Amino acid sequence: MDIYAVHESTHDIHVAGITYSESRWREAFLRYLDLVWRTSTDSKCALGIRIAGVVLIFHSELSAYLIYGRSNEQAPRTLPSAFLTVNSHPSAVEQGLARFVKSEAITFLLIHFREYDATLQLWKCARRTQFGIGVVNAPHTYSESLLQLGITHNS
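Everything in the sequence shown is counted per this note's numbering, starting at 395 for the first residue and increasing by one.
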């Protein structure tokens with residue numbers, strides 16, 4: 395049984411002002427993680443990663459990652475046997491991303507944001523240079539994500 399989803403679109407990835415083509419997605423994720431791990435906790439909120447229309451960003455006041463944006467892709471209907479699920483705690487997100495990028499065995503990553511019951515879905519496609527991204531229940535904007543948590547935008 396093929397666990398990979400059909401790939402329907404391309405994804406540009408933006409990390410610290412640099413745009414990576416989808417074929418370089420692994421490099422982009424590793425660059426993001428390198429920047430996060432080299433930066434103090436207070437500065438991480440400036441280090442988001444934009445993947446197509448979805449943004450993953452660290453909120454220093456909450457000490458947690460937030461997700462917002464939209465994706466039109468549908469995740470594979472069946473989860474593979476080697477999938478990884480993590481929560482929005484910084485170390486869980488970062489280690490989850492690293493394991494997803496580096497391990498050929500992990501073909502699906504779910505990051506659950508219990509603060510507003512949203513999920514980021516990342517999956518590897520049949521071609522090594524392609525991946526898929528989906529979101530479930532994610533706020534559409536950064537302001538909406540903060541409002542759902544009861545935080546004003548100026549916090």
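The beta carbon of each residue, even a glycine, is placed where N, CA and C say it ideally should be. Computed from a prediction, not measured in an experiment: that's the story for all the values here.
### Message
Does Gln468 come out as helix, strand or coil in the three-state DSSP assignment?
### Response
coil
#### Entry: Option in Ser539, Trp419, His408, Ala410 with minimal Cα separation from Phe525
Trp419
### Query
If you draw a straight line from the C-alpha of Glu565 to the C-alpha of Leu540, how long is it?
Past the edges of the chain, shown from 395 to 549, lies residue 565, and the structure says nothing about it.
### Message
Taking the alpha-carbon of Arg444 as reference, which of Glu421, Thr479, His405, Ala469 has the nearest alpha-carbon?
### Response
His405
### Query
In chain order, what residues of the same chain lie with their CB nearer than 6 angstroms to the CB of His506, ignoring the 5 residues before and after it?
Asn481, Thr513.
### Message
Bridge partners for Leu460 per DSSP, in chain order?
### Response
Ile451
### Query
Secondary structure at Arg444, three-state DSSP: helix, strand or coil?
strand
### Query
Rounded to whole angstroms, how far is the Cβ of Glu488 from the Cβ of Leu427, which I believe are closer than 8 angstroms?
6 angstroms
#### Entry: At least 3 beta-carbon pairs within less than 8 angstroms: the segment 452-468 vs the segment 526-536
yes
#### Entry: Cα-Cα separation, Arg408 to Leu491
Sequence check: residue 408 is His here, not Arg. Near 16 angstroms, if we compare the C-alpha coordinates of Leu491 and His408.
### Under 7 angstroms between C-beta atoms of Leu429 and Ala410
Between Leu429 and Ala410, the C-beta spacing is below 7 angstroms.
### Message
Between the alpha carbons of His483 and Arg521, how many angstroms are there, rounded?
### Response
So the alpha carbons of these two residues sit roughly 30 angstroms apart.
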